[in-house]
Amino acid sequence: MSVLVNKNSKVIVQGFTGSEGTFHASQMIEYGTNVVGGVTPGKGGQHHLELPVFNTVADAVKETGADVSIIFVPPAFAADAIMEAAAAGIKVIICITEGIPTKDMIQVKEYLKDKSSRLIGPNCPGVMTAGEAKVGIMPGFIFTPGRVGIVSKSGTLTYEAVDQITKQNLGQSTAIGIGGDPIIGTTTKEAVELLMNDPETDGIIMIGEIGGGMEAEAARWIQANGTKPVVGFIAGQTAPPGRRMGHAGAIVGGADDTAAAKMKIMRECGIRVVESPAEIGEAMAEELKKAGKI
Amino acid sequence: MNIHEYQGKSILKSFGVRIQEGIVADTPEQAVEAAKKLQAETGTGWWVVKAQIHAGGRGKGGGVKLAKSLDDVKALSDQIIGMQLVTPQTGPQGKKVNKVLIAQDVYYPGESKTSEFYMSVLLDRAKGRNIIMYSTEGGMDIEEVAEHTPEKIFKEEIDPKVGLQGFQARKIAFNLGLSGDAHKDMVKFVAALYKAYEATDSSMFEINPVLKTSDNKILAVDAKVNLDENALYRHADIAAMRDESEEDPTEVEAGKSNLNYVKLDGNVGCMVNGAGLAMATMDIIKLAGGEPANFLDVGGTASAKTVEAAFHIILKDPNVKAILINIFGGIVRCDRVAQGVIDAYQNIGNIPVPIIVRLQGTNAVEAKKLIDESGLKVYSAIQLKDAAELVTKVLA
Numbered sequence: 001m002s003v004l005v006n007k008n009s010k011v012i013v014q015g016f017t018g019s020e021g022t023f024h025a026s027q028m029i030e031y032g033t034n035v036v037g038g039v040t041p042g043k044g045g046q047h048h049l050e051l052p053v054f055n056t057v058a059d060a061v062k063e064t065g066a067d068v069s070i071i072f073v074p075p076a077f078a079a080d081a082i083m084e085a086a087a088a089g090i091k092v093i094i095c096i097t098e099g100i101p102t103k104d105m106i107q108v109k110e111y112l113k114d115k116s117s118r119l120i121g122p123n124c125p126g127v128m129t130a131g132e133a134k135v136g137i138m139p140g141f142i143f144t145p146g147r148v149g150i151v152s153k154s155g156t157l158t159y160e161a162v163d164q165i166t167k168q169n170l171g172q173s174t175a176i177g178i179g180g181d182p183i184i185g186t187t188t189k190e191a192v193e194l195l196m197n198d199p200e201t202d203g204i205i206m207i208g209e210i211g212g213g214m215e216a217e218a219a220r221w222i223q224a225n226g227t228k229p230v231v232g233f234i235a236g237q238t239a240p241p242g243r244r245m246g247h248a249g250a251i252v253g254g255a256d257d258t259a260a261a262k263m264k265i266m267r268e269c270g271i272r273v274v275e276s277p278a279e280i281g282e283a284m285a286e287e288l289k290k291a292g293k294i
Numbered sequence: 001m002n003i004h005e006y007q008g009k010s011i012l013k014s015f016g017v018r019i020q021e022g023i024v025a026d027t028p029e030q031a032v033e034a035a036k037k038l039q040a041e042t043g044t045g046w047w048v049v050k051a052q053i054h055a056g057g058r059g060k061g062g063g064v065k066l067a068k069s070l071d072d073v074k075a076l077s078d079q080i081i082g083m084q085l086v087t088p089q090t091g092p093q094g095k096k097v098n099k100v101l102i103a104q105d106v107y108y109p110g111e112s113k114t115s116e117f118y119m120s121v122l123l124d125r126a127k128g129r130n131i132i133m134y135s136t137e138g139g140m141d142i143e144e145v146a147e148h149t150p151e152k153i154f155k156e157e158i159d160p161k162v163g164l165q166g167f168q169a170r171k172i173a174f175n176l177g178l179s180g181d182a183h184k185d186m187v188k189f190v191a192a193l194y195k196a197y198e199a200t201d202s203s204m205f206e207i208n209p210v211l212k213t214s215d216n217k218i219l220a221v222d223a224k225v226n227l228d229e230n231a232l233y234r235h236a237d238i239a240a241m242r243d244e245s246e247e248d249p250t251e252v253e254a255g256k257s258n259l260n261y262v263k264l265d266g267n268v269g270c271m272v273n274g275a276g277l278a279m280a281t282m283d284i285i286k287l288a289g290g291e292p293a294n295f296l297d298v299g300g301t302a303s304a305k306t307v308e309a310a311f312h313i314i315l316k317d318p319n320v321k322a323i324l325i326n327i328f329g330g331i332v333r334c335d336r337v338a339q340g341v342i343d344a345y346q347n348i349g350n351i352p353v354p355i356i357v358r359l360q361g362t363n364a365v366e367a368k369k370l371i372d373e374s375g376l377k378v379y380s381a382i383q384l385k386d387a388a389e390l391v392t393k394v395l396a
C-alpha cells in the first residue's frame, strides 16, 4: 500500500527533455519507477529515454493513463505546469522546482481548491516509497523497504533521517518531502495524516524547520488523532531572527516561528522531540520498541 | 530583497499612493539644495532629515531629526551622513549612513488633529493569501501592540480570485475611525497600496505610520518595502534598486559564487549541502559546545571549485576556530567532494584552523579513505554523531 506513490503509479515527467528532467527521469527509471512518458511542449511525438514525449499533459494522460506527474520546469513556468497537470486530472503532482514567485503560488493554491489533485512541493525532493517508486531526486540506494514514514521540509535532512533509519536495521515506507517554500501544496499535518492512516507505516518521523505554523498544526492534530509513535526534529535552533536560511520559507518573523516554540508545542502534544539531528534514528527505534512494533 | 525608504516611497508614488514627499541627498550641500527644492514644490517650512539604511527603529538611534531652518538641514545632515547608526535592528555595531532623505514636514497644524495609523500588506502563510493588517496604533512597534492590545489589530484577507474589493477598503477606513474626506482618501490609499503590492511582487509592505494630516489627507510617512527575490526576474527596474553596500560584503561575495551564506557570530564555520541540513549542522555545532559562525549551503553540486570558494568565504571571518564540512552525498559523490576538499586545501596553502569533514552517502567509505590518506590536518567522520564529537574535541 504505502502512500501517494507505489509500484503501480504511472508517472510522467514535465520538463522531460531538459537536463534536470532527463537526468532524474533516468535515475527514477533505474530505481524501477513506472515512468510512462513525459511532456515537453513542441516535442510531442518524439521519443526520449525510449519513452513517448507529449505536447500536453492531457495528451499524456489520454495515451498512457498517467496518474502521477513530477515537474522539473524552470521557476517562471512551473506554476503553469502545476495547473496544467491538475486540469488534466493528475492525482499526485510533485513539483521539484525551486524559486517560484509567491504570487504565482497564491494563484496555484486557489486554482487547486476545486480540483481533485494533490500537490506536493514545490521546492522539495519529491516522494519515495522504498522498493517501489522513486518520484523525486533523492538517492535511491539509501532506502530500505520498511515501516517508518518520513515527512520533511528539507531534502538532505530527509536523506539523513532515511540513512539513520536504515542503520537501525529498520526501513522506510514512504518519505514525503513537502518542500521549504512559504506556500506548499501539502502541509506537514496533511502528510502526517496520510502516514497515520497507512496500515504499512508503524512510526512517523516529522522534520520541520523555522518559519510558519505547520509543525504546530501537525502536532495538535497528532495529539488529537495520533495512533503511532512520532519522532520530531526542528532545524534552525541557532538561526537568528529576521534572516532567511536558504529556504524561502525558513525565516523567524515572530515568536511562534522559532525552533524552540515549535519543539515546545510538539513535546506538549506527545511527540518525541530530539535536540540533535544525529539522534533521529535511535529515537525512532526506541519508540517503536516501546510500542511493541519491533 | 530590502530597499531604502526613499526607493519604496518612489514605487508607492508611481502607483498613486500619496507619500510624504522627499528628495534623497548624499552630502549636506545636496541636502540644502533638496530642502530648497522641496520648499518650492510643497511649500513646507520645516524638513525632516531621515537616515537611509536598511533597518527599522532609526528614530530611536538618532537617525531621524526635525530641521526648522536650512542651517538645521545642513548641520543635521552633516551629523547623520557618515554616522554609524545603531538601532534595535542593526545590532550593537550599527550601520553606516551614506544617504539622507530630506522630507517635507507633514505634521503641520490645521483644521483637525493629526492621527497616525499602522498598515502592512503581507502573506498569511497558513491561508496562502495576502492580508492587509492595520491598526489605530500607528508610529509604535507593532509587535508591542500585538502583545499588549491585540484587539487593536485588524486583518483583512484578500481573495486572489477578485483582489481587494471596495467594501474591504471602506471597512478598513471605518475601523480606523475615519469619516468625511479622510475616509474617502483612506479608501483610495488602501486601494493604491494593494495595487502597488501586487504589481511589484512584494513580499511585505509596512507603512508605519500612515498619517491623517490636519487637512484630512492620508499619506505614507515611512515605507518599508520587501520584494520577493524569486520574482525579481520580471522587475528589472526594481532589481536595480539593490544597494549592496547595505549588505554584508562577504554575503555579497558568496552570492556571486552561487553560495547561500549568512554570517553569524560564532566560532565554528560550516559548509553543508542543503538548507535544512545546514541549519541542522548549525544546531549540532551548538550542542557540541561551539557556536555556529555561519549558515552556508553549497547547493547540489559540491565541486572542488565551490568547496574552495566556500573555504575562502568562511576563512574571512577571524572568529572561526574550526570548520565542519557536512555533506550528504546523494547525487553528488562523496569521493569527489573529498577530492575537492583536498585540492582546495592544497590550493589555499596553510589553513590555520582544524577541519572536520563528514561525508555520508554515495562512496562515503572511499571518501574517508582519501581524506585519511591525504596527509592533511583534516579529521574525517561518516556518522553525524562522530562529527559532533570531533567538534567538541577540537574546541577543547
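Just so you know, the protein sequences line up as chains A and B, in that order.
Once you know that position 60 of the first sequence is 60 in the UniProt record's numbering, the rest is easy, because the numbers rise by one and skip nothing.
Once you know that position 394 of the second sequence is 394 in the UniProt record's numbering, the rest is easy, because the numbers rise by one and skip nothing.
Cβ coordinates follow ideal geometry from the N, Cα and C atoms, glycine included.
Being a predicted model, the structure only gives us computed values, none of them experimental.
Contacting residues, own chain, Cβ-Cβ under 7 Å from residue i (five flanking each side not counted)
| i | result |
| --- | --- |
| B/GLY94 | GLN84, LEU85, VAL86 |
| B/THR114 | TYR107, LEU211, LYS212, THR213, SER214 |
| A/LYS7 | ASN34, GLU132, ALA133 |
| B/ARG242 | MET1 |
Nearest-angstrom Cα separation, counted from residue j out to residue i
| i | j | result |
| --- | --- | --- |
| A/VAL35 | A/GLY42 | 20 Å |
| A/ILE251 | B/ALA275 | 12 Å |
| B/TYR345 | B/ASN208 | 50 Å |
| B/ILE342 | B/ILE23 | 54 Å |
| A/ASP80 | B/LYS99 | 42 Å |
| B/LYS50 | B/LYS68 | 14 Å |
| B/GLY177 | B/PHE189 | 15 Å |
| B/ALA388 | A/PRO145 | 29 Å |
| B/PRO88 | A/LYS262 | 25 Å |
| B/ARG125 | A/GLU209 | 14 Å |
| B/ALA182 | B/GLU156 | 20 Å |
| B/MET1 | A/THR97 | 21 Å |
| A/TYR159 | A/PHE141 | 10 Å |
| A/PRO182 | B/VAL252 | 24 Å |
| B/GLY289 | A/PHE233 | 19 Å |
| A/ARG244 | A/GLY236 | 11 Å |
| residue 397 of chain B | A/VAL61 | Any property of residue 397 of chain B remains undetermined from this structure, which presents chain B solely from 1 to 396. |
Counterpart residues of residue i in DSSP-defined beta bridges
| i | result |
| --- | --- |
| A/HIS48 | A/LEU51 |
| A/VAL68 | A/VAL11, A/VAL92 |
| B/ILE131 | B/LEU122, B/GLU157 |
| residue 296 of chain A | Not covered by the structure: residue 296 of chain A. The range shown for chain A is 1 to 294. |
| B/PRO209 | B/PRO209 is not bridged to any residue. |
| A/ILE204 | A/GLY149, A/VAL230 |
| A/ARG118 | A/VAL92 |
| A/ARG272 | A/VAL231 |
| A/LYS134 | A/MET128 |
| B/VAL262 | B/PHE295 |
| A/GLN172 | A/VAL148 |
| B/ASN2 | B/ASN226 |
| B/MET271 | B/ILE325 |
| B/TYR379 | B/ILE356 |
Cβ-Cβ separation, residue j to residue i (assumed contact under 8 Å), whole Å
| i | j | result |
| --- | --- | --- |
| A/VAL11 | A/VAL135 | 6 Å |
| B/ALA173 | B/VAL162 | Rounded, the Cβ-Cβ distance is 19 Å, inconsistent with contact. |
| B/ILE81 | B/VAL97 | 6 Å |
| B/ASP215 | B/GLU111 | 6 Å |
| A/SER2 | A/ASP198 | 6 Å |
| B/VAL145 | B/SER135 | 6 Å |
Own chain, CB closer than 8 Å to residue i, minus 5 neighbours either side, in chain order
| i | result |
| --- | --- |
| A/SER117 | ALA85, ALA86, GLY89, ILE90, LYS91, VAL92, ILE93 |
| B/GLY63 | LYS50, ALA51, ILE53, ILE80, MET83, LEU85, THR87, VAL97 |
| A/GLY212 | PRO182, GLY249, ASP257 |
Neighbourhood of residue i by C-beta, 6 Å cutoff - its chain only, sequence neighbours within 5 removed
| i | result |
| --- | --- |
| B/SER77 | PRO28, ALA31, VAL49, VAL100 |
| A/PRO229 | GLY203, GLU287, ALA291 |
Notebook entry, point to check: Can you list, in chain order, the residues of the stretch 235–257 of chain B whose Cβ is nearer than 7 Å to any Cβ on chain A?
Noted result: With the criterion set as a beta carbon lying under 7 Å from some beta carbon of chain A, the stretch 235–257 of chain B has no members that meet it.
Notebook entry, point to check: Of all the residues that make up the stretch 309–328 of chain B, which are near chain A by a beta-carbon distance shorter than 7 Å?
Noted result: Listed by position along the chain: PHE328.
Checklist line | Cβ-based contacts, 7 Å cut-off: residues of the stretch 89–102 of chain B near chain A | finding: Within the stretch 89–102 of chain B, no residue qualifies.
Margin query: Residues of the stretch 152–166 of chain A in Cβ contact with chain B at a cutoff of 9 Å, in chain order, please.
Written below: Listed by position, the residues of the stretch 152–166 of chain A near chain B (Cβ gap below 9 Å) are SER152, LYS153, SER154, GLY155, THR156, LEU157, THR158, TYR159, GLU160, ASP163, GLN164.
Notebook entry, point to check: Of all the residues that make up the stretch 147–174 of chain B, which are near chain A by a beta-carbon distance shorter than 7 Å?
Noted result: Answer set for the stretch 147–174 of chain B: PRO160, LYS161.
Check: Can you list, in chain order, the residues of the UniProt domain "CoA-binding" (4–100) of chain A whose Cβ is nearer than 9 Å to any Cβ on chain B?
Finding: Listed by position along the chain: PHE23, HIS24, GLN27, PRO75, ALA76, GLU98, GLY99, ILE100.
Note to self: Beta carbons nearer than 8 Å to chain A: which residues of the stretch 357–373 of chain B have them?
What the structure shows: So the close ones are GLN360, GLY361, THR362.
Checklist line | Proximal residues, the stretch 266–293 of chain B versus chain A, C-beta separation under 7 Å | finding: Answer in chain order: ASN273, GLY274, ALA275, GLY276, LEU277, ALA278, MET279, ALA280, MET282, ASP283, ILE284, LYS286, LEU287, PRO292.
Item checked: Interfacial residues, the stretch 238–270 of chain A to chain B, with Cβ spacing under 7 Å -> Going along the stretch 238–270 of chain A in chain order, one finds THR238, ALA239, PRO240, ARG243, MET245, GLY246, HIS247, ALA248, ALA250 with a Cβ nearer than 7 Å to chain B.
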